[in-house]
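For the protein sequence lines, the chains are A and B, in the order given.
Here the first sequence is numbered in the numbering used here, starting from 165 and rising by one per residue.
Here the second sequence is numbered in the numbering used here, starting from 11 and rising by one per residue.
Glycine is no exception: its CB is placed at the ideal position from the N, C-alpha and C atoms.
Some notes on the structure that comes next.
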Amino acid sequence: MASGYSAKEEDGHHSGALGPAGGAAVRSRKPDNTAFKQQRLPAWQPILTAGTVLPAFFIIGLLFIPIGIGLYVTSNNIRELQIDYTGTESSSPCFACSQNYSWNMTTPCVCSVSFSLDQPFESNVFMYYGLSNFYQNHRRYVKSRDDSQLNGNLNSLKEPSKECEPYRTNDGKPIAPCGAIANSLFNDTLALYYNDPNGTETQIQLVKRGIAWWTDKHVKFRNPVGDDSNLTAIFQGTAKPVNWQKPVYELDSDPENNGFINEDLIVWMRTAALPTFRKLYRIIEKNSSTSPTLPRGNYTLKITYNYPVRSFEGRKRMILSTISWMGGKNPFLGIAYITVGSICFFLGVVLLIIHHKYGSRSSSADLTH
Amino acid sequence: TSVEHTLCHSHTVGEPEQHVFGLWEETRAPEDLHYLSWEVRANDRRFHQRQQRRSFLCFEWGKYADNAVRSYKYTPLTFLPLSLYEQFQRIANVYFLLMVILQCVPAISTLPWYTTMLPLLTVLSVRGLKDLADDLVRPRPDFPLHRSFTSVRWRDVCVGDVLRLRKDQIVPADLLLLRTSEPHSLCYVETSDIDGETNLKFRQALGITHHELSSEPVEPTLLAFDACVWCEQPNSRLHSFKGVLEWKGVRHLLDTDHILLRGTVLRNTDIAYGLTLYTGADSKILQNCGRLSVKTTQMERILNRVVIGVRKIVLLLLMVSLLLAVGAGIFEAQVAPRFEVLSALGAGRSPAYKAFLTFWGYVILLSPAMPMSLYISFEVVHMIHSLFIGWDLDLYDAGSNTPAQAHSTALNEELGQVGYLLSDKTGTLTENRLLFRQCCIAGVLYGLSQRHTDTRTTQHTPLDLSWNPFSRGGLQFSDQRLVDKLRDQDSTEVREFFTVLALCHTVMAEWKDGTPVYQAASPDEEALVGAAREMGWVFLSRTRDSLTLSELSHIRHYQLLALLDFTSQRRRMSVVVRDPEGVLKLYCKGADIVILERLRQDCLYAQGCLRTLCVAVRSVSEELWEEWSRALAKAAMMTQCGAVLDTLYDSMERELTLLGVTAIEDRLQEGVPETIATLKQAGIKVWVLTGDKRETAVNIGYACRLLDPDTQLLQGEELRSSSLLKVTEKRRKHSTSALVITGPELVQYIPNYFSTILQRHWPCTNTRSNNQAFGEQPGWDGRFMALSKLCQSVLCCRMTPGQKAGVVQLVRKHTSSITMAIGDGANDVNMIKMLSCSTFCTKQVPLLWCMSGLRSTMASVHRSESQACESDLSTQIWAS
């Protein structure tokens, strides 16, 4: 299986014999007889025989199939619920709101969608919004932002990067945050209510902190720091993005979640790679160890409908999901493992049969069962 | 006197003598002179220095080049432009430069400009530094010599200088020979670095300069020499020279015979004086070498083809970019307008324009699909390879204390892909240390039969030669019978045999430690004279008209009447001597087929892979001699004396009586049979190209296991069979076969091929007649190659150096596999040059591979890059 290099033997007779008789200091140019220079370092060269390949196939097969099954089962145990509330059909509750697709509506349009959970959602539940047909991966769209402005640079705040064009200035005032990404911030407000069988409607506590990456929240995105600690004063002299209803310093009342470090903004600024994507919106935290986070029953989703998607035939979804150790619901990895494992096992069997039938001709191959 | 005349003629056989043109002025019209526009004024430095060629960057002006040896390519000023120029000959680099330029266009740049710039700069600097390092280690020979009899260095030699050369010095520039210390201003040069022929050549100064400049004191006379030479503009024709020497109002015609070319070595001549005609880059040898070109290996060319070639990566990349750009155009036209933000970003440009920009953007984005780092990896791998080659103990020669040396780092991997190995025999397969092994005198064979015994294992008892005061030892001959016969004084044949060996040669004797050491033009002559010395027939000295021998300690003087020189056409040489008793004798020594019919069959030594020479004698009557010498003197006066002399010589060398046959052995190098067997197992076709005769070559072939006992030998006639198909079919029945072909046969069958080469390199060889006789034979070369492909090995015997080069060219033209040539650098330079010469390497890579630092100095001086493998090292690499 392994073949090394045969050691080269030094032909010892010449070391003393050569050289002129004068005995002058003629430097011997003889190469050093070291393992490295003579290429005698230990080497391993695998030689593929039936004896090595067949076990490898079986081991891979037997290893991968259980892993795949485990992954698949784990993925299937994850509860997931998707509610499409786009409202393109006239029967849907948000139809009225969706027809109204101006960015600058003064009165918010609110619609509510009812749904029921057949099974309770255990542990933490993650609430996502999903958009379809939205090209957040467009090359110029992706570049249309000023990272140094979002990092709290005061100069960039007043003088945003040229990449932000045409969302760089509005009425001569620099836009904060500038660029197409920020301008198209998803601004629907989702609220979740549990309809008790006794008729009362209780709002479910949605946590808006902790949905962004830690590095984004603490390193990449920072509010500009001025003489005044007041955000409003710091953002004085800037304009809000054109499509926004309120300026960036009014996104949230919590000062730790306002301005550029608003987590909804941070999540949106991390652009999606595909036109159909979901982004984390809120977290429903498990509050007691006994009762499930979302018990089985009827729920109402109340939407403040602001974000128009009708022009590009987009869809809007709300997704509730639990997670496991391997993340969200994703059966692909398990299926892939099972497939590869099965193929290896199958090939192993086929090769074994071939080897048994014809292998006696090859002298070197030996298979131990 | 006539004797003197004969002598000097016999030295310059076939070449016109200068006095023939003594009245040249009257016989030639002056308009013939118009092409002789190169003016050289002797001892006029100021005149020539005014027109010294100078250069700045790539601009040059002035007429006369200086003699500095520029084996390096770069100067500090030219390094950057030259190196960049070479780098950008690699298409990949050009491609990446384009990418960098594209990225500098803001509208299409997708990545910052430095993302491609940095790798490109890395590649360029790594390559550049490597080339620079290679260039710095290139040897720059610069030897001291004497100009105007003060010591100068080569680079200070200027056109018009009179130089003094001593024995064994290398001629530093193309010189006009003015006079030498020898009689008749003869001088001997070795031209092996120019044409690969090892035998010494005669050059002779003009009579006028010889006589006029001989007056003592010599050197002031030479310094006052104020002639003017008009000759051709510098050119690359090694074997032709036209010019006139104008001195004291008389014009003397000059030709090749008066010229010492740069790179030749002065031999057997103590002092020679020459007038510098062409220096440095103007000299014939430098005009002959191509420029150093960028060497590419097969691997690199495959890579280039994959990367750049049609339907390869570039095209794929462009196609993908195009598809993506079309997609982008459709997206911009159909989808983007519906998004408020996207249409705002588009800034009102048309979708087609956006698609166009996107196309270039994708070309940049996908450019890493080109394996650029692979080029760097290759460089590094090559470098490490050559280090390991240098470190290999098996490639170290203890005798000369030289490790292997890879002179061209780029071509290492080619070594593993060699399909055809063209090897020289003498000096490469064999040691070229000739040993006198056997002789056959009057039908009695002396010396052990070597037919089936390995010479190395045979224990022979050395002869007791203590009775011989001139013995130097080293005789590998042990037959006491011969010594006894010699000393018994009764066997005239044996005595005469050794007399011939001691007389019939052109060897010079030198005295060392009281015994003569012989300097010979060819090693077999040396072996024979040396053997005669050991046996007691000691050649002591020669003068122009006499030879002195010591025959078993009796000193005898022979009067040398004529020396009928050896030429490769005649393949024999003779001397006419008058022995002390006054008897005229012609002694002849030559190849056995010349004197073949008188041989007894059991004396065919060629079967024992020995080199044979026959020795014969003829008694010449006084009348015949008188008549013949008169005819000879008359012939010498004629213009075209070459042919006449040949017929005259022929008439003299007749009615010979065979004295005996000598057999000389050329030993195989150590490990050659094993190596050849291994090479054959590896499927490498081994061709041996040798100048030996057929039988010797075949026997060497058997000895070095190139041929097996059951190998079927094919002759050159196979080519003549009506259809190759028949030949192929015939071959299939025999598992192994070998082709044995001779040089003349090759010229016969493939004349259009070999004659062109011959005319280019050996214009003196007349192959026209062959051309006409056989006409154009289209396809013969292809047929020859097809036949040789069926054979495991090919033996080409009776090859001239030029034909060797022709074979190399033929093989390279007809196969795609890599061809490697091995030779010991003397007569194989042409063959190896053929592989490296830039004019020929259009299709295949030259295997520039020099295994030792012992390659001839000149080869490096001349930038010929002819990588002659030093013989014993080359066999070692085979063995590894």
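So is residue 278(B) in contact with chain A if we call contact Cβ pairs under 8 Å? The count along the second sequence starts at 1 and reaches residue 278(B) at position 268. No - not a single Cβ of chain A is within 8 Å of the one on residue 278(B).
Contact set for residue 691(B): own chain, Cβ-Cβ below 7 Å, skip 5 residues either direction: As a first step, residue 691(B) is located in the second sequence; it is residue number 681 there, counting from the start. Nothing meets the Cβ criterion.
Identify whether residue 488(A) lies in helix, strand or coil by the three-state DSSP scheme. On the first sequence, residue 488(A) is found 324 positions in, with the first residue counted as 1. If DSSP states are grouped into helix, strand and coil, residue 488(A) belongs with the strands.
Within 8 Å, strictly: CB atoms of residue 367(B) and residue 111(B): By one-based count along the second sequence, residue 367(B) stands at place 357. By one-based count along the second sequence, residue 111(B) stands at place 101. Taking 8 Å as the Cβ cut-off, residue 367(B) and residue 111(B) do not qualify as a contacting pair.
Below 8 Å on the Cβ atoms is my guess for residue 231(A) versus residue 277(A); work out the distance and round it to an integer in Å. Translated into positions along the first sequence, residue 231(A) becomes position 67. Translated into positions along the first sequence, residue 277(A) becomes position 113. That pair is no contact at about 39 Å.
Going by beta-carbon coordinates alone, are residue 483(A) and residue 245(A) separated by less than 8 Å? For the purposes of this step, residue 483(A) is identified with residue 319 of the first sequence, where counting begins at 1. For the purposes of this step, residue 245(A) is identified with residue 81 of the first sequence, where counting begins at 1. Contact: yes.
For residue 116(B), is the classification buried or exposed, using 16 other Cβ atoms within 10 angstroms of its Cβ as the cut-off for buried? For the purposes of this step, residue 116(B) is taken as the residue at position 106 of the second sequence. Residue 116(B) is exposed by the Cβ-count criterion.
Excluding the five sequence neighbours on either side, which residues of its own chain have a C-beta within less than 6 Å of the C-beta of residue 406(B), listed in chain order? Within the second sequence, the letter at position 396 stands for residue 406(B). Within the same chain, residue 406(B) has close Cβ partners 413.
Pick helix, strand or coil for residue 519(A), following the three-state DSSP scheme. Within the first sequence, residue 519(A) is the residue found at index 355, counting from 1. It is helical.
I'd like to confirm the pairing. Which residues does DSSP put opposite residue 114(B) in its beta bridges? In the second sequence, counting from the first residue as 1, residue 114(B) sits at position 104. Its beta-bridge partners do not exist; DSSP assigns none.
DSSP state of residue 190(B) mapped onto helix, strand, coil: The sequence position of residue 190(B) within the second sequence is 180, counting from 1. In the structure shown, residue 190(B) sits in a strand (DSSP, three-state: E or B).
Any chance the stretch 224 to 240 of chain A sits against the stretch 483 to 501 of chain A, with 3 or more Cβ pairs inside 8 Å? yes
Proximal residues of chain A, C-beta to C-beta of residue 351(B) below 7 Å: Taking the first residue of the second sequence as position 1, residue 351(B) is located at position 341. In chain order: 305, 344, 347 and 348.
What's the C-alpha gap between residue 855(B) and residue 805(B)? Mapped onto the second sequence, residue 855(B) falls at position 845. Mapped onto the second sequence, residue 805(B) falls at position 795. Because the pLDDT at residue 855(B) is just 25, under 50, the model does not fix this residue reliably, and the point stays unresolved.
Give the DSSP-derived three-state secondary structure of residue 385(B) in the structure shown. Taking the first residue of the second sequence as 1, we reach residue 385(B) at position 375. If DSSP states are grouped into helix, strand and coil, residue 385(B) belongs with the helices.
How many angstroms separate the CA atom of residue 627(B) from the CA atom of residue 516(B)? What you label residue 627(B) is simply residue 617 of the second sequence in a count that begins at 1. What you label residue 516(B) is simply residue 506 of the second sequence in a count that begins at 1. Going by the C-alpha atoms only, they are around 17 Å apart.
In three-state DSSP terms, what is residue 273(A)? Your numbering for residue 273(A) matches position 109 in the first sequence. Residue 273(A) falls in the strand class under three-state DSSP.
Do residue 439(B) and residue 678(B) have their beta-carbon atoms positioned less than 8 Å apart in this structure? Locating residue 678(B) in the second sequence gives position 668, where the first residue counts as 1. Locating residue 439(B) in the second sequence gives position 429, where the first residue counts as 1. Cβ atoms of residue 678(B) and residue 439(B): closer than 8 Å.
Name, please, each residue of chain A whose Cβ falls closer than 9 Å to the Cβ of residue 402(B). The sequence position of residue 402(B) within the second sequence is 392, counting from 1. Correct list: 172, 195, 201, 202 and 203.
Residue range of the unbroken alpha helix (DSSP H) whose run includes residue 370(B): For this step, residue 370(B) is matched to residue 360 along the second sequence. First-last of the alpha helix (DSSP H) with residue 370(B): 361 to 376.
Residues in the same chain with beta-carbon distance under 6 Å from residue 436(A), minus the five sequence neighbours each way, listed in chain order, please. Here the question's residue 436(A) lines up with position 272 in the first sequence. Excluding residues within five positions, the ones whose Cβ falls inside 6 Å are 300.
Considering just the uninterrupted stretch of the alpha helix (DSSP H) at residue 261(A), what are its terminal residues? For the purposes of this step, residue 261(A) is taken as residue 97 along the first sequence, with counting starting at 1. Per DSSP, residue 261(A) belongs to the alpha helix (DSSP H) from 259 to 263.
Which of the three DSSP states, helix, strand or coil, is assigned to residue 501(A)? As a working note, residue 501(A) is residue 337 in the first sequence. The answer is helix: DSSP assigns residue 501(A) an H, G or I state.
Can you check the stretch 316 to 385 of chain A for any beta strand (DSSP E) of at least 3 residues that lies completely inside it and give the ranges in chain order? 353 to 359 and 365 to 367
I'd like to check one pair, residue 630(B) with residue 594(B): are the Cβ atoms closer than 8 Å? Indexing the second sequence from 1 puts residue 594(B) at position 584. Indexing the second sequence from 1 puts residue 630(B) at position 620. The answer is yes: Cβ separation under 8 Å.
Check for me: the alpha helix (DSSP H) holding residue 497(B) runs from which residue to which? Reading the second sequence from its first residue, position 487 is the one you call residue 497(B). 490 to 498 is the extent of the alpha helix (DSSP H) around residue 497(B).
Assign residue 612(B) to one of two classes, buried (16 or more other C-beta atoms within 10 Å of its C-beta) or exposed (fewer than that). Taking the second sequence and counting its residues from 1, the one referred to as residue 612(B) is at position 602. No answer about residue 612(B) holds up, because its pLDDT of 46 lies below 50 and its placement is not dependable.
Considering only their Cβ atoms, is the gap separating residue 168(B) from residue 279(B) smaller than 8 Å? Within the second sequence, residue 279(B) is the residue found at index 269, counting from 1. Within the second sequence, residue 168(B) is the residue found at index 158, counting from 1. No, they are not a contact pair.
Distance check for residue 700(B) and residue 837(B), CA to CA, integer angstroms please. Numbered from 1 along the second sequence, position 827 holds the residue referred to as residue 837(B). Numbered from 1 along the second sequence, position 690 holds the residue referred to as residue 700(B). Residue placement at residue 837(B) cannot be trusted, given a pLDDT of 49 that sits under 50; what the coordinates show is reported in the next sentence. Looking at the two C-alpha atoms, the distance is approximately 10 Å.
Rounded C-alpha distance that separates residue 793(B) from residue 746(B): Numbered from its first residue, the second sequence carries residue 793(B) at position 783. Numbered from its first residue, the second sequence carries residue 746(B) at position 736. When rounded, the distance between both Cα atoms is 19 Å.
Is it the case that the stretch 346 to 354 of chain A contacts the stretch 404 to 412 of chain A, given that we only count it when at least three CB pairs across the two stretches are under 8 Å? yes
Test item: CB-CB of residue 715(B) and residue 687(B) under 8 Å: The residue you call residue 715(B) lines up with position 705 of the second sequence. The residue you call residue 687(B) lines up with position 677 of the second sequence. Contact flag set, yes.
Who are the near neighbours of residue 55(B) in its chain, counting only those whose CB is closer than 8 Å to its CB and skipping five residues on each side? Along the second sequence, one-based indexing puts residue 55(B) at 45. Once the five neighbours on either side are set aside, the close Cβ partners of residue 55(B) are 168, 170 and 171.
May I ask you to report which of helix, strand or coil DSSP gives residue 585(B)? Residue 585(B) sits at position 575 when you count from the first residue of the second sequence. Here residue 585(B) sits in strand by DSSP.
May I have the straight-line CA-CA distance separating residue 345(B) from residue 502(A), to the nearest angstrom? For the purposes of this step, residue 345(B) is identified with residue 335 of the second sequence, where counting begins at 1. For the purposes of this step, residue 502(A) is identified with residue 338 of the first sequence, where counting begins at 1. Cα-Cα distance, rounded: 39 Å.
Taking the straight line between their C-alpha atoms, what separation do you get for residue 530(B) and residue 601(B)? Along the second sequence, read from residue 1 onward, the residue named residue 530(B) stands at position 520. Along the second sequence, read from residue 1 onward, the residue named residue 601(B) stands at position 591. Each residue's alpha carbon lies about 18 Å from the other.
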